[in-house]
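Structure first, commentary second.
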Amino acid sequence: MPVYVYVILAVGWLLWFVPFFRKWNMSETRTRDRRSRWGLLLQVVAYVLLWQGRFWLMHPTLWRVTLSAVLMALAALLSWTATKALGKQLRFVAAVGDDHELIRTGPYAVIRHPIYASMLAVFLGTGVVLTPTVLLLLATVLFLIGTEIRVRTEDHLLASHFGGQFDAYRQSVPAYIPLIR
Numbered sequence: 029m030p031v032y033v034y035v036i037l038a039v040g041w042l043l044w045f046v047p048f049f050r051k052w053n054m055s056e057t058r059t060r061d062r063r064s065r066w067g068l069l070l071q072v073v074a075y076v077l078l079w080q081g082r083f084w085l086m087h088p089t090l091w092r093v094t095l096s097a098v099l100m101a102l103a104a105l106l107s108w109t110a111t112k113a114l115g116k117q118l119r120f121v122a123a124v125g126d127d128h129e130l131i132r133t134g135p136y137a138v139i140r141h142p143i144y145a146s147m148l149a150v151f152l153g154t155g156v157v158l159t160p161t162v163l164l165l166l167a168t169v170l171f172l173i174g175t176e177i178r179v180r181t182e183d184h185l186l187a188s189h190f191g192g193q194f195d196a197y198r199q200s201v202p203a204y205i206p207l208i209r
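In structure tokens form, the structure reads like this:
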């Protein structure tokens, strides 16, 4: 594996991860759903699978390296803008508090779950240069199942809290992949 690929991955992961070092909202909530942790577990397993091939022997083509760099940049952009838009509402577990607001600005105007979109971008940006195709496909399926669990859990919580306001938002804005509802 060429050193510049490791540099692209390291810088991409770092830029994606930095906005999450801010203070998370750990206050008590009225409604919480821990089932989203099962989705997180599947996502983590999928990330681990990306590194199970003999990646150090890989020599990715220029198009793969370019795609990786673009996906990493997109992941960083989404993580920075989404955490900024969420502000004090950034939580680790799917939850809704009494003071919860329905955010529809920034990346939330384009997709309902931009942090999950950023996770998908960093996932694919890593996998496209490191992981054999069959393993990447398996890992992607696991990642998407985990993401769907998390999205559905959060959407259910938001719908129960915001009612018709969230239903209208859900009808007009895709979940985490633009143009796919």
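For the sequence shown, counting from 1, position 179 maps to 207 in our numbering; every step adds exactly one. Don't be surprised by glycine CBs; every beta carbon is placed ideally from N, CA and C. From a predicted model like this one, the values you see are computed outputs, not experimental measurements.
Quiz prompt | Start-to-end residues for the alpha helix (DSSP H) that takes in E182 | solution = Within the sequence shown, the letter at position 154 stands for residue 182. For E182, the enclosing alpha helix (DSSP H) has its first and last residue at 161-190.
Quiz item: Rounded C-beta distance between H141 and A74? I'm assuming under 8 Å.
Solution: What you label residue 141 is simply residue 113 of the sequence shown in a count that begins at 1. What you label residue 74 is simply residue 46 of the sequence shown in a count that begins at 1. Not a contact, Cβ separation roughly 16 Å.
Quiz item: Where does W79 fall in DSSP's three states?
Solution: Residue numbering aside, residue 79 sits at position 51 when the sequence shown is read from its first letter. Coil.
Self-check item: alpha helix (DSSP H) segment containing Y136, residue limits
Solution: As a working mapping, residue 136 is identified with position 108 in the sequence shown. For Y136, there is no enclosing alpha helix (DSSP H), since its DSSP letter is neither H nor E.
Quiz item: What number of angstroms, rounded off, separates the C-alpha of D195 from the C-alpha of L158?
Solution: Within the sequence shown, residue 195 is the residue found at index 167, counting from 1. Within the sequence shown, residue 158 is the residue found at index 130, counting from 1. About 39 Å.
Quiz item: Straight-line CA distance for E182 to A145?
Solution: In the sequence shown, counting from the first residue as 1, residue 182 sits at position 154. In the sequence shown, counting from the first residue as 1, residue 145 sits at position 117. In a straight line, the C-alpha of E182 is about 14 Å away from that of A145.
Quiz prompt | Supposed contact pair L186 and L130 - C-beta distance, whole angstroms, cut 8 Å | solution = As a position in the sequence shown, residue 130 is number 102, starting the count at 1. As a position in the sequence shown, residue 186 is number 158, starting the count at 1. About 7 Å; that satisfies the 8 Å criterion.
Exercise. For the region 76-118, list the alpha helix (DSSP H) runs that are entirely contained and at least 4 residues long, ordered along the chain.
Key: 90-114
Quiz prompt | Cutoff 8 Å; reference A137; Cβ partners in own chain excluding five residues on either side | solution = Within the sequence shown, the letter at position 109 stands for residue 137. V201, listed in sequence order.
Quiz item: In chain order, what residues of the same chain have a beta carbon less than 8 Å from the beta carbon of L106, not counting five sequence neighbours either side?
Solution: Stepping through the sequence shown from its first residue, residue 106 is reached at position 78. Correct list, in chain order: P135, P142, I143, A145, S146, A149.
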